[in-house]
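Q: Next up is a structure, given as structure tokens.
There are 2 protein chains.
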Amino acid sequence: MSESINIWQLASEIKFWIAAAAENVKAHLHDDLQVETKSNRNDLVTNVDKLTEKHLVGEIRRAYPKARIVGEEGFGDQVDDLAGLVFFVDPIDGTMNFVKEKENFAIMIGAYLDGIGLVGVIMDVVAGNIFWGGPELGVYKNELALPKPQNLNLADGLLGVSGPLLRKDVRHMATAVGQSSGARIIGSAGIEFTKVLQGIENGYVSHLMPWDFAAGKVMAETLGLLVTDIDGNPLSMLSSKIVLIGTERTHAQIVALQQQD
Amino acid sequence: MSESINIWQLASEIKFWIAAAAENVKAHLHDDLQVETKSNRNDLVTNVDKLTEKHLVGEIRRAYPKARIVGEEGFGDQVDDLAGLVFFVDPIDGTMNFVKEKENFAIMIGAYLDGIGLVGVIMDVVAGNIFWGGPELGVYKNELALPKPQNLNLADGLLGVSGPLLRKDVRHMATAVGQSSGARIIGSAGIEFTKVLQGIENGYVSHLMPWDFAAGKVMAETLGLLVTDIDGNPLSMLSSKIVLIGTERTHAQIVALQQQD
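Protein chains in written order, with the UniProt record's numbering: chain U, 1 to 261; chain A, 1 to 261.
Printed below as a string of structure tokens:
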């Protein structure tokens, strides 16, 4: 299958699909939403999440009929292995922000071949920026190539965290934040990934599902950042974990905190 | 003095000064900065903070020579009482963000007469939005009047907090965040105030100095929000406190948490 995939074309197609979906989401940003809860009262899904995933899944199936799709809202396939071409789709990452802030949410797609990341695309919908790339492409913010972030220590940069991990001090997050230049909580894994890709944050820690990190992981690793579980082990693309992304130094320092237990 | 002040003119003048200062800051956003620490390693000041305050203080003195000025970086006056016209100036609120993020920082001025807020102005420099207003003016985002935010409960909205208060669970912040729709940590009091003014966050809690809250307090109170210390007591414009801003309901719920002690 590898020979038949033009990765530059694939990246362009994913960007076409996401940009079109983003226009549609923005057009309905101030409509009354149908908001439902999922695993807990702060885990939301709206009619826009569902429609956007349906639309993106339709586009992927038309262009790559043999590919399988892992979608947050369940319009994809039941995927139990990573053979062949697999797309990970998050139609609205940061649904709470979509509902409350009307900004700071993302549409994300990651494309993997036999478990290896080919292309990741994250669109910050309201800011209008598309972050995209992969190991054979480089990483870009719109048309601008992003340089590798400086390999900063934990102490020399901001650390993105999820609210629950800091609030409950899970896995030494209070210590990690205390050693950093400060915590930031944005409420969207996709937007946090874009901050780390740009060197605005040194790292980010959150409990994530594969569709939350698939796109960001491809780009982050292309830029020399490390993306593992909080103990430094490789991630599975088929299960949820506490995910740590960071510069080499920040990553090592946060993993070391876990080893003191 | 009151009769001689045209409040609409005063608001316009403050906006002129801040918008001009913002242009200058943006022009130097990617220059090498001279960064120094103040009270601790994450309390920063740069040459741009100092130059911007000098410039704003000069403009205020030219237009209102009898007024007194409280400035974060010390170019104002030694002010020990609130008689007459007093300007509170924060040249760069969110200096860490200015240095690391190159966004999410604000220029703020609050004008008070005999301790009563007349005009508050907060400019989100990089987004280019000016929030301004006062009790006799209403509150505006650029030219758009902001409505009073809905009186939502803590459980029904996002809660802005400062990193250290959540990390160290000061004053039941972990409980408050746990009862909310989620924490957000932005790293700038000014930007947090603009979120609460717009109803994007239900409330915000942080340890603040008068220049951090002077502008926001005028606007928040004009919109029916409550701005007090964390125990619900009135703020002094001459000292630092843990400040709580919130909708009536959110404010009452966070104050109630303190009373359980």
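Beta carbons are placed, not taken as given, at the ideal position from N, Cα and C, and that holds for glycine.
Which one of 132/U, 154/U, 155/U, 136/U has the shortest CA to CA distance from residue 144/U?
A: For the purposes of this step, residue 144/U is identified with residue 144 of the first sequence, where counting begins at 1. Its Cα nearest to that of residue 144/U, the residue 132/U stands out among 132/U, 154/U, 155/U, 136/U.
Q: Between the beta-carbon of residue 146/A and the beta-carbon of residue 250/A, is there less than 8 Å?
A: Here residue 146/A corresponds to residue number 146 of the second sequence, with the count starting at 1. Here residue 250/A corresponds to residue number 250 of the second sequence, with the count starting at 1. No, these two residues do not count as a Cβ contact at 8 Å.
Q: Which residue comes first and which comes last in the alpha helix (DSSP H) that contains residue 77/A?
A: Here residue 77/A refers to the residue found at position 77 when the second sequence is read from its first residue. Run containing residue 77/A: none; DSSP gives neither H nor E here.
Q: Give the single residue among 116/U, 112/U, 105/U whose Cα lies nearest to the Cα of residue 130/U.
A: Taking the first residue of the first sequence as 1, we reach residue 130/U at position 130. Residue 105/U is the option with its Cα nearest to residue 130/U.
Q: Jot down the residue ranges of each uninterrupted alpha helix (DSSP H) in the region 134-169 of chain U, minimum 4 residues, whole runs only, in chain order.
A: 163-167
Q: Spell out a yes or no on whether the region 165-179 of chain A and the region 209-226 of chain A are touching, meaning 3 or more CB-CB pairs, one atom from each, closer than 8 Å.
A: No, the region 165-179 of chain A is not in contact with the region 209-226 of chain A.
Q: Considering only C-alpha positions, which residue in the set 207/A, 186/A, 157/A, 85/A is nearest to residue 114/A?
A: The sequence position of residue 114/A within the second sequence is 114, counting from 1. Residue 114/A has its Cα closest to that of 85/A, out of 207/A, 186/A, 157/A, 85/A.
Q: Which residue comes first and which comes last in the alpha helix (DSSP H) that contains residue 210/U?
A: As a position in the first sequence, residue 210/U is number 210, starting the count at 1. Element bounds for residue 210/U: 210-222.
Q: Might you give, ordered along the chain, the residues of its own chain that have their beta carbon closer than 6 Å to the beta carbon of residue 204/U, omitting 5 neighbours on each side?
A: In the first sequence, counting from the first residue as 1, residue 204/U sits at position 204. Excluding sequence neighbours, residue 204/U sits near 160, 192, 196, 245.
Q: For residue 101/U, go through chain C and note every residue whose CB falls closer than 7 Å to its CB, in chain order.
A: Checking the listed chains, one finds no chain C in this structure; the protein chains it contains are U and A.
Q: At a Cβ threshold of 8 Å, is residue 185/A touching chain U?
A: Translated into the one-based positions of the second sequence, residue 185/A becomes position 185. At a cut-off of 8 Å between beta carbons, residue 185/A contacts chain U.
Q: Inspect the beta-carbon positions of residue 22/A and residue 107/A and report whether they are closer than 8 Å.
A: As a first step, residue 22/A is located in the second sequence; it is residue number 22 there, counting from the start. As a first step, residue 107/A is located in the second sequence; it is residue number 107 there, counting from the start. A contact, by the Cβ cut-off of 8 Å.
Q: Looking at C-alpha atoms only, which residue of 63/A, 48/A, 45/A, 56/A is the closest neighbour of residue 10/A?
A: For the purposes of this step, residue 10/A is taken as the residue at position 10 of the second sequence. Ranking the options by Cα distance to residue 10/A, first place goes to 63/A.
Q: Give me the Cα-Cα distance between residue 2/A and residue 68/A, rounded to the nearest whole angstrom.
A: On the second sequence, position 2 is the one that residue 2/A refers to. On the second sequence, position 68 is the one that residue 68/A refers to. Below a pLDDT of 50, predicted positions are generally treated as unreliable, and residue 2/A, at 47, falls in that range; the measurement from the model is reported next regardless. If you draw a straight line from the Cα of residue 2/A to the Cα of residue 68/A, it is about 15 Å long.
Q: For residue 188/U, which of helix, strand or coil comes out of DSSP?
A: As a position in the first sequence, residue 188/U is number 188, starting the count at 1. It is coil, neither helix nor strand.
Q: Who pairs with residue 207/A in a beta bridge, going by DSSP?
A: Walking along the second sequence from the start, residue 207/A turns up at place 207. DSSP, once it has assigned bridges, lists 242/A as partnering residue 207/A.
Q: So that I know if they touch, is there some Cβ in chain U lying closer than 8 Å to that of residue 58/A?
A: By 1-based counting over the second sequence, the position of residue 58/A is 58. Taking Cβ atoms only, chain U never reaches closer than 8 Å to residue 58/A, which makes this a no.
Q: Can you find a CB in chain A that lies within less than 8 Å of the CB of residue 96/U?
A: One-based indexing of the first sequence puts residue 96/U at position 96. By this cut-off, residue 96/U is an interface position.
Q: On the CB-based measure, 16 or more other CB atoms within 10 Å of its CB, does residue 247/U come out buried or exposed?
A: In the first sequence, counting from the first residue as 1, residue 247/U sits at position 247. Buried: at least 16 other Cβ atoms inside 10 Å.
Q: Determine the extent of the alpha helix (DSSP H) in which residue 248/U is found, giving its start and end residues.
A: Numbered from 1 along the first sequence, position 248 holds the residue referred to as residue 248/U. Per DSSP, residue 248/U belongs to the alpha helix (DSSP H) from 248-259.
Q: Would you say residue 188/U faces chain A, with C-beta separation under 8 Å as the test?
A: To locate residue 188/U, count along the first sequence from 1; it is residue 188. Answer no: the Cβ-Cβ gap between residue 188/U and chain A never drops below 8 Å.
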